[in-house]
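Protein chains in written order, with the numbering used here: chain P, 1096 to 1491; chain F, 1096 to 1491.
Right under this line is the structure:
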């Protein structure tokens, strides 16, 4: 089936989402079936407004440079399309003779693709609709892990390494807030920072395990008594005893997905610091950093595995469509462990990825709920790659 | 004069303060006049408690690794020694036959060295007392710039580059808070992030220029109307119209230097976001990040010039002492500009560096007070080194 291709990027940008975009464009150029290669500006919003650009006009050299640039080169959006929006998207596909539609994003993007595909089917319009996975949250089903995750994980690990070193210099209690609304994979990656037996993070709190502020303070006190300092990793989505996000009381914005605003504010960290200070009393130096948007867009820090795989899933999506698959998503299978790590893409249906996300499995979370397990470390380490190795004085 | 050497590290750690430490140790090893090389744990606190380690026991290989590790390898402190403390420090120097005393830090460390030196003189105790400059604030007098600054500046520039890219993907108003209590050098370095004519930061607010929240909001609105987005750099020490730091109302801690706590909290950013939202009304996406301790301890991101110069000033301090200078500090002179940048150390008296700091000079600040000048860019660029070059789609 011959026609044009349309690609859009959705949700929070990542260090490698442009790798997927470029993978799609490069593979599309190889196919005789694909004529124009449209890029939609700002995701589905750009499709509905017919803000399209011609990606064939970009030089190969420029595409390679864009692939290595963090952020969404086409622009992104946080708009979750309604049924009506999807009908509009479909009509734009018809108008522009789009026969290959790619949406790079998380589970909501897979759901949007799923709806567009069903509308096309109802209208007997032949089209290939593919979701290309992207999320630093690493919370998509089916796939072993998600493009975008490992680079963010690398930045998080390096931040905690630096913060541990900083906290050795001027000892105290330090609470770092990491992105992650429902899934703790990114916060868990802070564990890669442990370059020495006494290195932090000493405690890791994940959205999957509600924690009382009393328990958290007790945990911190124990570590502090042992080391004279304590570095804590907290997911922005952590829940209190009630099971509701602690940030619920502080967020003043709700997005179109019904999510409260967690990022782009230091409120959770400041709240936790105030609580620890109040519970422990005076005499403790307690500080917080919210790692912020650098987690997904810091230039120059990325995982090589992640960059390669992000390109790979983009290419695979085009290959699946041109070989005849009608609609689907691309997942990643791990084909080697540890130093022998390797991976390959595989096809999966859109409904397997759409809507519902995947939390961190129980075997990755310590029994006390304040750390990750060795099994998680084996899972995450090969994705993130070799980290800097800080050195301490030996005779100190 | 023969005897032992004692070195301590003070204040906030940096990416390269261990370069200076290692420079001192390596140069001391070359001198026949210097016997033991003591390291004081946690700065002057460790001296007073006689928490000393023998740095001669560290292998050359380990020292080189430590030099490349961010943070203060000996531990640091924020204690500003009183006259009595300095007498105690002096008595420890006597007890351990310390004839070469090095304190790596900012202006307060120079002042401490100055007092110890005068006590020694009053007691006819022969000793060399040197201050080795270190501060990410870049606010020491005499020297062209301070070791520690350029690496922090590099991290800040890369953060703003990433945040600009992020803000292009999901447009809005983004306010990033940068370290800097009285001096705007570090916040000003955000200007290095401007990789394209429309790239942020679009506005830069420095501690040297008080700003009203009305004016700031007007500035932001203008940029937003032009680009549909706005990235703002704000120093943590910015002052309101009254001339007092905006954070004054939010800080709940004051350190032994009489300084209110500015870092380790997201309060200023959240306050500014709330103000902008209130003044601009609904319909704007406004976010903030406080760049935090990563600015001084993020592993792997550093300026090569900075690392080299930090080593250089440590070495120079020992050379000055062994050639006969009694007490002083090491400053840096620029001996080439732009691509031809080079530098050399020179001797200066302690009182030239102690106590009073240096703000950003007027010629580095734009007339409107919301940006830096070309002159500042010429000053800072060679220190920070080549930055990543993000790529945008050409035909977008």
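C-beta: ideal position from N, C-alpha, C; glycine also.
Below 8 Å on the Cβ atoms is my guess for residue 1244/P versus residue 1119/P; work out the distance and round it to an integer in Å. No, residue 1244/P and residue 1119/P are not in contact; Cβ-Cβ is about 19 Å, not under 8 Å.
Taking only three categories from DSSP, how would you classify residue 1446/F? It is helical.
Determine whether the Cβ of residue 1264/F lies closer than 8 Å to any Cβ atom of chain P. Residue 1264/F counts as touching chain P.
Cross-chain neighbours of residue 1212/F in chain P, by beta carbon under 9 Å: Residues of chain P passing the Cβ test: none, with the nearest at roughly 25 Å.
State yes or no: is the C-beta of residue 1416/P within less than 8 Å of the C-beta of residue 1443/P? Contact: no.
Identify the continuous alpha helix (DSSP H) that holds residue 1214/F and give its terminal residues. Segment 1202-1217, the alpha helix (DSSP H) holding residue 1214/F.
Determine the direct distance from the alpha carbon of residue 1437/P to that of residue 1150/P, and round the result to whole angstroms. Taking the straight line from one Cα to the other gives about 31 Å.
Using a C-beta to C-beta distance shorter than 8 Å, which residues of chain P count as neighbours of residue 1256/F? The answer, in chain order, is 1394.
In the DSSP assignment, what are the bridge partners of residue 1460/P? According to DSSP, which records beta bridges pairwise, residue 1460/P is partnered with 1467/P.
Starting from residue 1387/F, find everything on chain P with Cβ-Cβ shorter than 7 Å and list it in chain order. Chain-ordered, the chain P residues with CB closer than 7 Å to the CB of residue 1387/F read 1384.
Three-state secondary structure (DSSP) at residue 1417/F? It is helical.
Under 8 Å by Cβ, that's how I've got residue 1106/F and residue 1254/F pegged, so tell me the actual separation to the nearest angstrom. Not confirmed; about 22 Å, so no contact.
Would you check if the region 1332-1341 of chain P and the region 1283-1299 of chain P touch, i.e. whether three or more CB-CB distances between them fall below 8 Å? Counting Cβ pairs under 8 Å, fewer than three are found: no touch.
In whole angstroms, what is the alpha-carbon distance linking residue 1335/F and residue 1116/P? Looking at the two C-alpha atoms, the distance is approximately 45 Å.
Which residue wins for smallest C-alpha separation from residue 1383/F, given the options 1323/P, 1370/P, 1392/P and 1359/P? Ranking the options by Cα distance to residue 1383/F, first place goes to 1359/P.
Leaving out five residues before and five after residue 1296/P in sequence, what residues of the same chain have Cβ atoms less than 8 Å from its Cβ? Excluding its 5 nearest sequence neighbours in each direction, residue 1296/P has C-beta neighbours in its own chain below 8 Å: 1255, 1259, 1271, 1285, 1286, 1288, 1289, 1326, 1327 and 1328, listed in chain order.
First and last residue of the beta strand (DSSP E) that includes residue 1383/P? It spans 1381-1385 - the beta strand (DSSP E) in which residue 1383/P sits, taken as one unbroken run.
One or two residues paired with residue 1099/F in a DSSP bridge: In the DSSP output, where bridge partners are listed per residue, residue 1099/F has 1193/F.
Nearest neighbour of residue 1273/F, chosen from 1478/F, 1446/F and 1300/F [CA to CA]: The shortest Cα separation from residue 1273/F among 1478/F, 1446/F and 1300/F belongs to 1300/F.
Helix, strand or coil: which one does DSSP assign to residue 1278/F? Coil, per DSSP.
Work out the CA separation of residue 1320/P and residue 1478/F for me, nearest whole Å. One C-alpha to the other measures close to 42 Å.
Among the candidates 1173/P, 1184/P and 1392/P, whose CA atom is the shortest distance from the CA of residue 1353/P? It is 1173/P.
Would you say residue 1108/P faces chain F, with C-beta separation under 8 Å as the test? Judged by the 8 Å Cβ criterion, residue 1108/P is in contact with chain F.
Give the residues of chain F in contact with residue 1253/P, contact being defined as C-beta atoms less than 7 Å apart. Listed along chain F are 1393, 1394 and 1395, each with a C-beta nearer than 7 Å to that of residue 1253/P.
Residue 1317/F to residue 1324/F, Cα distance in whole Å? C-alpha separation (whole angstroms): 10 Å.
contact_flag[the region 1158-1166 of chain P, the region 1480-1490 of chain F] where n(CB pairs < 8 Å) is 3 or more: At 8 Å Cβ cutoff, the stretches touch.
Just list the beta strand (DSSP E) runs in the region 1238-1320 of chain F, keeping only unbroken ones of 3 residues or longer that don't cross its boundaries, in chain order. DSSP runs (the beta strand (DSSP E)) wholly in the region 1238-1320 of chain F: 1268-1273 and 1298-1300.
Can you check DSSP and say which residues form a bridge with residue 1174/P? DSSP lists no partner for residue 1174/P.
Round the Cβ separation of residue 1076/P and residue 1387/F to the nearest angstrom and send it over; I've been treating them as touching at under 8 Å. It is not possible to answer for residue 1076/P, since the shown part of chain P is limited to 1096 through 1491.
Excluding the five sequence neighbours on either side, which residues of its own chain have a C-beta within less than 6 Å of the C-beta of residue 1210/P, listed in chain order? Same-chain partners within the cutoff: 1181.
Whose C-beta lies closer than 6 Å to the C-beta of residue 1374/P among residues of the same chain, with five residues either side of it excluded? Answer for residue 1374/P: 1312, listed in chain order.
Contact the region 1405-1415 of chain F vs the region 1121-1128 of chain F: 3+ CB pairs below 8 Å: Remark: three or more beta-carbon pairs, one from each stretch, lie closer than 8 Å, so the region 1405-1415 of chain F and the region 1121-1128 of chain F are flagged as touching.
Cross-chain neighbours of residue 1152/F in chain P, by beta carbon under 8 Å: In chain order: 1489 and 1490.
When the Cα of residue 1067/F is compared with those of 1220/F, 1464/F, 1143/F and 1238/F, which residue comes out closest? No answer is possible for residue 1067/F: it lies beyond the span of chain F, which begins at 1096 and ends at 1491.
For residue 1331/P, count neighbouring C-beta atoms within 10 Å of its own C-beta (all shown protein chains included) and say buried if the count is 16 or more, exposed if not. It is buried - the Cβ of residue 1331/P has at least 16 other Cβ atoms within 10 Å.
Under 7 Å Cβ-Cβ, which residues of chain F neighbour residue 1167/P? Chain F residues near residue 1167/P: 1264.
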